[in-house]
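Read the structure below first, then the notes.
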Amino acid sequence: MKKILVTGASGYVGGRLIQELLIKGFDVRVMVRDPRKISEQGWFSKVSVARASAENPAELDEALAGIDTAFYLIHSINTGTNFDETEARIAQNFAEAASRQNVKQIVYLGGIANDKNISKHLQSRKQTGISLASTSVPVMEIRAGIIIGSGSASFEMLRHLTHRLPIMTTPKWVLNRTQPIAIRDVLWYLEHAAELTTPIKGVFDIGGPEVLTYEEMMQTFAKISGLPKRWIVKVPVLTPALSSLWIGLVTPVPVSIARPLVHSLISEVVADPSRSIDDVIPKPEAGLLPLATAIELALSKISANDVATRWSDAKSLTAPWAKAQSDPDWAGEKTYSDSRSRETDVPAGDVWAAIEKIGGHQGWYGADFLWYLRGLLDRMLGGVGLRRGRRDPNHLHVGEALDFWRVEEIIPGRKLRLYAEMILPGKAWLQFEVTTVDGKTRVEQEALFSPRGLGGQLYWLAVLPFHSLIFPTMLRNIIKEAELVG
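Residue numbering for the sequence shown is 957 to 1442, as defined by the numbering used here.
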């Protein structure tokens, strides 16, 4: 059986593709910069892990050694204004390493880019394919339209725009044609690309069975959700920049992600029949899923808390001035803390169950209006806000998003450590530890903040009065919830 490498293993498509490849019996290696982000995936023990960065040729050589087919699913959508240069550079690095290691096939998932009015985002996706194909290694570039599936950024944007705005003023791009495709069908093509016996070189477009406008997509979503028809007023004055700010406020998708998505919608994203993939990989026997079916399937997954991967799992969205989480202790940072603890007769397991439910629909155990205001401020500044929610209402995993936090560490039953991804003049953590002392359960709650410069120190002083309201209430209500659990 072929040896397969999957990059972007912590991302939306990569995490799902790995599971499908394992089901088919492939020998799978995954390439990640930080294995902790995937350590709690159900498939983690079934794959080999290459810790590597696409910026490092030596690490790439090691990751690609002995590989037959490499899936290139790396995306630098939110790495700054020069993301296109970054994408081209790392794609070139990957292609050259694949050539040195005699990889037989590269499979790249890009975006349909046939419109003359192409966005910078789609142009970058197109250039990535060109860079990957610059060596002798055959590259099969599969270009997809808008991907519809539980947890995808495009789906979340569609879902929340439709749910939250019965009447909306929109730019004219809502009338542009697009050809959405279900995540299930995207995975169909990727899985079968792994099974090809002969390397394939070329560009192939994949899209669902319908071509429709973004407005029609929203109306379809509203109908399936049992909502009245949305009233949509088109105006010419909403620029892509303003549109992305508006989407950032209304939906869980932050401005940094919304901006390239909106720019892509300015282009018509419709598959070119001359780039049909049917002769290489036939459609599923039952056909490709229509939009309505794809939406229904995605909503059923969300209702059942069965969302395998989400767009927010892929990358931390920290403030541009924040240092890496792995800064050494000697980096010289000043750290402020707010520490509180309580003892209770409630069993440790029940206390842990209450802690692990924090955030999302459960809320933050008191003073939720203050959390809401902080999330709203974060959205206004271009951050992620509170609306990312959580994947599962009862259980957390390392690397997943939790409102404007990310799970950095979890020791089941004992410790939860969250890293803040809100816009901050520094770095912040919130952690909980549960221990048993002399037959009683001890809960320790600590908020930590490493300020950047004078602005960071002033920020800490400004929020201290709110801490005196938020954190005692949080700890007290966690124990009350634990009593109910018991």
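Every residue, glycine too, gets a C-beta built ideally from N, C-alpha and C.
Flag this pair as yes or no: are the beta carbons of residue 1139 and residue 1105 separated by less than 9 Å?
Cβ distance < 9 Å, so residue 1139 and residue 1105 count as in contact.
For residue 1288, name the three-state secondary structure that DSSP assigns.
The predicted model places residue 1288 with a pLDDT of 37, which falls under 50 and marks its position as unreliable, so this point remains unresolved.
Let me check one thing: in DSSP terms, what residues is residue 1386 bridge-paired to?
DSSP links residue 1386 through a beta bridge to 1374 and 1403.
I believe residue 973 touches residue 1143 by the beta-carbon criterion, under 8 Å. Please report the beta-carbon distance rounded to the nearest angstrom.
The beta-carbon separation of residue 973 and residue 1143, rounded to 6 Å, stays under the 8 Å limit for a contact.
Using beta-carbon positions only, say whether residue 986 and residue 969 come within less than 9 Å of one another.
The answer is no: Cβ separation not under 9 Å.
Are the segment 1338-1349 and the segment 1291-1303 touching by the rule of at least three beta carbon pairs closer than 8 Å?
Contact between the segment 1338-1349 and the segment 1291-1303 is absent, with fewer than three C-beta pairs closer than 8 Å.
Considering only C-alpha positions, which residue in the set 1163, 1181 and 1077 is nearest to residue 1116?
Closest by alpha carbon: 1181.
Nearest CA to the CA of residue 1111: which residue from 1071, 1250 and 1185?
Answer by Cα proximity: 1250.
Secondary structure of residue 1071, DSSP reduced to three states:
Three-state DSSP puts residue 1071 in coil, outside helix and strand.
Could you pull the DSSP bridge partners for residue 959 from this structure?
DSSP output for residue 959 lists 983 as bridge partner(s).
Determine the closest residue to residue 1061 out of 1375, 1406, 1336 and 1022, with distance taken between C-alpha atoms.
It is 1022 whose Cα lies nearest to the Cα of residue 1061.
Can you name, in chain order, every residue of its own chain whose Cβ lies under 6 Å from the Cβ of residue 1224, other than the five neighbours on each side?
1071, 1132 and 1133.
Classify residue 1136 as buried or exposed, calling it buried when 16 or more other Cβ atoms lie within 10 Å of its own Cβ.
The residue in question, residue 1136, is buried, as its Cβ has 16 or more Cβ neighbours within 10 Å.
Taking only three categories from DSSP, how would you classify residue 1271?
For residue 1271, the predicted model reports a pLDDT of 46, less than 50, meaning its position is unreliable; a value from the coordinates is still stated below. Residue 1271: coil per DSSP, three-state reduction.
Answer yes or no: do residue 1052 and residue 1013 have a C-beta to C-beta separation smaller than 9 Å?
Yes, they are a contact pair.
Can you name, in chain order, every residue of its own chain whose Cβ lies under 6 Å from the Cβ of residue 1388, other than the five neighbours on each side?
Correct list, in chain order: 1311, 1372 and 1401.
Would you list the one or two residues that DSSP bridges to residue 1161?
For residue 1161, which the question treats as bridged, DSSP gives the partners 1099 and 1232.
Could you give the distance in angstroms between the alpha-carbon of residue 1141 and the alpha-carbon of residue 1149?
Their backbone Cα atoms lie some 12 Å apart in a straight line.
Rounding to the nearest angstrom, what Cα-Cα distance links residue 978 and residue 971 in this structure?
Rounded to whole angstroms, residue 978 and residue 971 show a C-alpha spacing of 11 Å.
Would you give the residue range spanned by the alpha helix (DSSP H) that residue 1140 belongs to?
If you look at residue 1140, you'll find it in the alpha helix (DSSP H) that goes 1139-1151.
Buried versus exposed call for residue 1422 [16 or more other C-beta atoms within 10 Å across all chains shown]
Exposed is the call here.
Strand pairing of residue 1358, partner residues [DSSP]
For residue 1358, which the question treats as bridged, DSSP gives the partners 1361.
Under the rule that 16 or more other beta-carbon atoms within 10 Å means buried, what is residue 1435, buried or exposed?
With 16 or more Cβ atoms within 10 Å of its Cβ, residue 1435 is classed as buried.
How far does the alpha helix (DSSP H) with residue 1307 in it extend, from its first residue to its last?
Per DSSP, residue 1307 belongs to the alpha helix (DSSP H) from 1304-1312.
Cα-Cα separation between residue 1382 and residue 1362, rounded to whole angstroms:
Taking the straight line from one Cα to the other gives about 16 Å.
Does the Cβ-Cβ distance between residue 958 and residue 1025 come in under 9 Å?
In contact: residue 958 and residue 1025 (Cβ atoms closer than 9 Å).
Is it a yes or a no for the segment 1161-1173 touching the segment 984-1003, going by three-plus beta-carbon pairs under 8 Å?
As far as the Cβ criterion goes, the segment 1161-1173 does not touch the segment 984-1003, which means the pair count is below three.
Quick check: the Cα distance between residue 1082 and residue 1069, rounded to an integer number of angstroms?
Taking the Cα positions, residue 1082 is about 7 Å away from residue 1069.
Rounded straight-line distance, which links the Cα of residue 1008 to that of residue 1282
Here the model assigns residue 1282 a pLDDT of 33, short of 50, so the residue's position is not dependable and the matter cannot be decided.
Neighbourhood of residue 983 by C-beta distance below 6 Å, restricted to the same chain and skipping five residues each side:
For residue 983, where only same-chain residues beyond five positions count, the Cβ hits under 6 Å are 957 and 959.
Going by beta carbon distance, what residues of the same chain come within less than 8 Å of residue 1278, once the five residues before and after it are set aside?
Its pLDDT being 30, under 50, residue 1278 is placed unreliably by the model, and the measurement read from it follows with that caveat. For residue 1278, where only same-chain residues beyond five positions count, the Cβ hits under 8 Å are 1380, 1382, 1383 and 1408.
I need the straight-line Cα distance from residue 1029 to residue 963, nearest angstrom please.
Spanning the alpha carbons of residue 1029 and residue 963 requires a straight line of approximately 5 Å.
Which value, in whole angstroms, describes the spacing of the CA atoms of residue 1349 and residue 1404?
Distance between the alpha carbons of residue 1349 and residue 1404: 25 Å.
So, at 7 Å on beta carbons, what are the nonlocal neighbours of residue 1175 in its own chain, with the 5 sequence-adjacent residues on each side left out?
Here the set comprises 1185 and 1186.
My assumption, with CB atoms under 8 Å, is that residue 1390 sits in contact with residue 1369. Please give the rounded CB distance.
Under the criterion of beta carbons closer than 8 Å, residue 1390 and residue 1369 qualify as touching, at roughly 7 Å.
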